[in-house]
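Chains W and Z supply the protein sequences, listed in that same order.
Here the numbering used here is used: the first residue of the first sequence is 8, the next is one more, and so on.
Here the numbering used here is used: the first residue of the second sequence is 8, the next is one more, and so on.
We treat Cβ as the ideally placed atom computed from N, Cα and C, and that holds for glycine.
Protein chains: 2
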Amino acid sequence: METSNVSITSYKNYICFMRKGLIISIVVNILCLPLAGIYLVRKIQFYNSLAPKPISIKNENIFWKIRSSEFRTFEVDSNSIVFIGDSHTQFFEVAEAFHNAHCKNRGIALDGTKSVLDRIDFIVDKHPKKIFIQVGINDLLNGASPNSVSEEIREVIKKTKAVSPNTAIYLQSVFPTNWNKYQAKTPVLSDIKSLNLKLKTLAFETKCEYIDLYNAFLKGSGLNSLYDCGDSLHLNGLGYLLWRDSLKRYVN
Amino acid sequence: METSNVSITSYKNYICFMRKGLIISIVVNILCLPLAGIYLVRKIQFYNSLAPKPISIKNENIFWKIRSSEFRTFEVDSNSIVFIGDSHTQFFEVAEAFHNAHCKNRGIALDGTKSVLDRIDFIVDKHPKKIFIQVGINDLLNGASPNSVSEEIREVIKKTKAVSPNTAIYLQSVFPTNWNKYQAKTPVLSDIKSLNLKLKTLAFETKCEYIDLYNAFLKGSGLNSLYDCGDSLHLNGLGYLLWRDSLKRYVN
Numbered sequence: 008m009e010t011s012n013v014s015i016t017s018y019k020n021y022i023c024f025m026r027k028g029l030i031i032s033i034v035v036n037i038l039c040l041p042l043a044g045i046y047l048v049r050k051i052q053f054y055n056s057l058a059p060k061p062i063s064i065k066n067e068n069i070f071w072k073i074r075s076s077e078f079r080t081f082e083v084d085s086n087s088i089v090f091i092g093d094s095h096t097q098f099f100e101v102a103e104a105f106h107n108a109h110c111k112n113r114g115i116a117l118d119g120t121k122s123v124l125d126r127i128d129f130i131v132d133k134h135p136k137k138i139f140i141q142v143g144i145n146d147l148l149n150g151a152s153p154n155s156v157s158e159e160i161r162e163v164i165k166k167t168k169a170v171s172p173n174t175a176i177y178l179q180s181v182f183p184t185n186w187n188k189y190q191a192k193t194p195v196l197s198d199i200k201s202l203n204l205k206l207k208t209l210a211f212e213t214k215c216e217y218i219d220l221y222n223a224f225l226k227g228s229g230l231n232s233l234y235d236c237g238d239s240l241h242l243n244g245l246g247y248l249l250w251r252d253s254l255k256r257y258v259n
Numbered sequence: 008m009e010t011s012n013v014s015i016t017s018y019k020n021y022i023c024f025m026r027k028g029l030i031i032s033i034v035v036n037i038l039c040l041p042l043a044g045i046y047l048v049r050k051i052q053f054y055n056s057l058a059p060k061p062i063s064i065k066n067e068n069i070f071w072k073i074r075s076s077e078f079r080t081f082e083v084d085s086n087s088i089v090f091i092g093d094s095h096t097q098f099f100e101v102a103e104a105f106h107n108a109h110c111k112n113r114g115i116a117l118d119g120t121k122s123v124l125d126r127i128d129f130i131v132d133k134h135p136k137k138i139f140i141q142v143g144i145n146d147l148l149n150g151a152s153p154n155s156v157s158e159e160i161r162e163v164i165k166k167t168k169a170v171s172p173n174t175a176i177y178l179q180s181v182f183p184t185n186w187n188k189y190q191a192k193t194p195v196l197s198d199i200k201s202l203n204l205k206l207k208t209l210a211f212e213t214k215c216e217y218i219d220l221y222n223a224f225l226k227g228s229g230l231n232s233l234y235d236c237g238d239s240l241h242l243n244g245l246g247y248l249l250w251r252d253s254l255k256r257y258v259n
């Protein structure tokens, strides 16, 4: 009986010890499970947010709203020389660069060809003298194919010619960059080269002027560091001077 | 003995059951603890990132780099009419609005008074004809006191007058907004009112022209929705037209 009593006591002690351990462990479970759950759900949401999206990017942020609204009130006229595009164009102080108040900036950071196509109407329906287009890098970075970008730019030209046949259209090549495509993480440069080739052909077919900026800004496999603001995508002051000088004879 | 054996067997079963429970619970802990830990550390980092920072904001993002670099190459001259400030100014197509190629945009989104003070040198050392200043809303949103903002703007004026005494200085009031201070989440409007009062006095003391835009854009306790691009801080096209009309007689 004594042995048995000893065993029972030691079992009881062991159970008491384990019970304490289990209680602590369950408390830790209760505390950690919801936090770990939240963490996992957020991670899944994050990776879902990176999943491929429709390739035609539509720019709808607050800056697009500000700029679009301003562009609808500040009107273009038949003397206007309009620069349409993305952040490269938006940051280009065109009236100042060409010392010409007829030069009007219609660039919006993050814009892609779809957005330009959507907003070309209220530029060209005022029959501007000239338009300078540079768009496509945001589409390519977002994974769009050079062919789809070039076809959307063809639509921009088609719309312009239909509404305002006397507007001179200048199609600028896309600048080189060392950036990668957002999702695929592969360099976008070969897509840029391919797009620019298509744009050159497109300009020839549609009787627009093609302006090769790519080779002026290229060094090695990307944007020449002389003209790089520091992110290997956007221009610095010297870059803007080179851009101005490359366009001067077409603007004036 | 039988009772005792039964007890021992049931204790053994109980222990076996508890052991399984404990193992499962510990496994769950091992899985969840690191995730919960990461979640908590990130939360703490997030709340730390919201903690009060030095009140003079210094704008150092990529857009600041692009714009600053461009501004250093595109030079101001003695005929220039320079608009210096934050996003409000940056998105204001001034050359177009006033149809005057001497109008130069020196606005940078997110800029505060400290940044304007840092970059006023390479504007005023070319002795521009006029400068229009509008800055301070980003400082106030960031928690700076109206007094500290107004004193920094006093330094901007002091620097300008010391380097270029013949430059006419136009001090514009800060626009109304319904936004709250980033950290305190309290409305910033009373700070704007207080800053504008100080700017009016400052303009009087320093013999600058004070331009009251606040009352032109106010409705109720914020930005008049007629001029609001949709975020109750930035202007829409009609807002830019009103701003242009409010400045016309000073620009020309």
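Opposing strand residues paired with residue i [DSSP bridges]
i                  : result
Asn-187 of chain W : W:Pro-194
Ile-33 of chain Z  : None, per the DSSP bridge assignment.
Ala-175 of chain Z : Z:Lys-137
Tyr-18 of chain Z  : Paired residues: none, contrary to the question.
Ile-263 of chain Z : Here chain Z covers residues 8 to 259 and nothing more, so residue 263 of chain Z does not appear.
Gly-114 of chain W : W:Gly-92
Below-8 Å beta-carbon distance, residue i vs any chain Z residue
i                  : result
Cys-39 of chain W  : yes
Thr-174 of chain W : no
Phe-81 of chain W  : yes
Ala-223 of chain W : no
Ile-218 of chain W : no
Ile-138 of chain W : no
Ser-197 of chain W : no
Ser-32 of chain W  : yes
Val-89 of chain W  : no
Tyr-18 of chain W  : yes
Thr-21 of chain W  : The displayed chain sequence assigns Tyr, not Thr, to residue 21 of chain W. It does; some Cβ of chain Z falls within 8 Å.
Ile-69 of chain W  : yes
Cβ pair residue i, residue j closer than 8 Å
i                  : j                  : result
Gly-229 of chain W : Asn-187 of chain W : no
Ile-115 of chain W : His-241 of chain Z : no
Asp-93 of chain W  : Leu-117 of chain W : yes
Ile-130 of chain Z : Gly-143 of chain Z : no
Ile-88 of chain Z  : Asn-112 of chain Z : no
Tyr-247 of chain W : Thr-80 of chain Z  : yes
Ile-73 of chain W  : Phe-98 of chain Z  : yes
Leu-42 of chain Z  : Ser-32 of chain W  : no
Pro-183 of chain W : Leu-249 of chain W : no
Ile-176 of chain W : Ile-140 of chain W : yes
Val-156 of chain Z : Thr-120 of chain Z : yes
Tyr-189 of chain Z : Gly-150 of chain Z : yes
Lys-136 of chain Z : Asn-86 of chain Z  : yes
Phe-78 of chain W  : Arg-251 of chain W : no
Leu-245 of chain W : Ile-218 of chain W : no
Length of the line joining the Cα atoms of residue i and residue j
i                  : j                  : result
Leu-206 of chain W : Ile-164 of chain W : 11 Å
Thr-174 of chain W : Ile-138 of chain Z : 36 Å
Ser-201 of chain Z : Ser-239 of chain Z : 19 Å
Cys-39 of chain W  : Cys-23 of chain Z  : 25 Å
Leu-178 of chain W : Ala-169 of chain W : 17 Å
Asn-222 of chain W : Asp-146 of chain W : 20 Å
Ala-210 of chain W : Glu-162 of chain W : 12 Å
Val-195 of chain W : Pro-153 of chain W : 10 Å
Ser-180 of chain Z : Tyr-234 of chain Z : 16 Å
Ser-122 of chain Z : Glu-158 of chain Z : 14 Å
Ile-127 of chain W : Glu-82 of chain W  : 13 Å
Lys-19 of chain W  : Lys-27 of chain Z  : 17 Å
Gly-227 of chain W : Lys-133 of chain W : 42 Å
Ser-17 of chain Z  : Val-35 of chain W  : 28 Å
Tyr-21 of chain Z  : Ile-51 of chain W  : 39 Å
Ser-76 of chain Z  : Val-101 of chain Z : 20 Å
Tyr-46 of chain W  : Ile-37 of chain Z  : 15 Å
Residue i at chain W interface by Cβ criterion, 8 Å
i                  : result
Phe-98 of chain Z  : yes
Gly-28 of chain Z  : yes
Arg-74 of chain Z  : yes
Glu-212 of chain Z : no
Val-163 of chain Z : no
Asn-13 of chain Z  : In the sequence as presented, Asn is not what sits at residue 13 of chain Z; that position holds Val. Answer no: the Cβ-Cβ gap between Val-13 of chain Z and chain W never drops below 8 Å.
Asn-47 of chain Z  : The sequence given here places Leu at residue 47 of chain Z; Asn does not occur at that position. Yes - at least one Cβ of chain W is within 8 Å of the one on Leu-47 of chain Z.
Leu-209 of chain Z : no
Asn-36 of chain Z  : yes
Ile-144 of chain Z : no
Ala-151 of chain Z : no
Leu-148 of chain Z : no
Any non-hydrogen atom of the ligand NAD within 7 Å of residue i CB
i                 : result
Ala-43 of chain W : For the structure depicted, the ligand NAD is absent and the ligand set is empty, with no information on it obtainable.
Using a Cβ-Cβ cutoff of 9 Å, what residues of the region 225 to 246 of chain Z are near chain W? List them in chain order.
Answer in chain order: Cys-236, Gly-237, Asp-238, Leu-240, His-241, Leu-242, Asn-243, Gly-244, Leu-245 and Gly-246.
Against chain Z: residues of the region 168 to 194 of chain W by CB proximity under 8 Å:
Listed by position, the residues of the region 168 to 194 of chain W near chain Z (Cβ gap below 8 Å) amount to none.
Which residues, taken in chain order from the region 99 to 114 of chain W, show a beta carbon closer than 7 Å to some beta carbon of chain Z?
Legend: CB atoms of the region 99 to 114 of chain W lying less than 7 Å from CB atoms of chain Z belong to residues Glu-100, Ala-102, Glu-103, Ala-104, His-106, Asn-107, Ala-108, Lys-111 and Asn-112.
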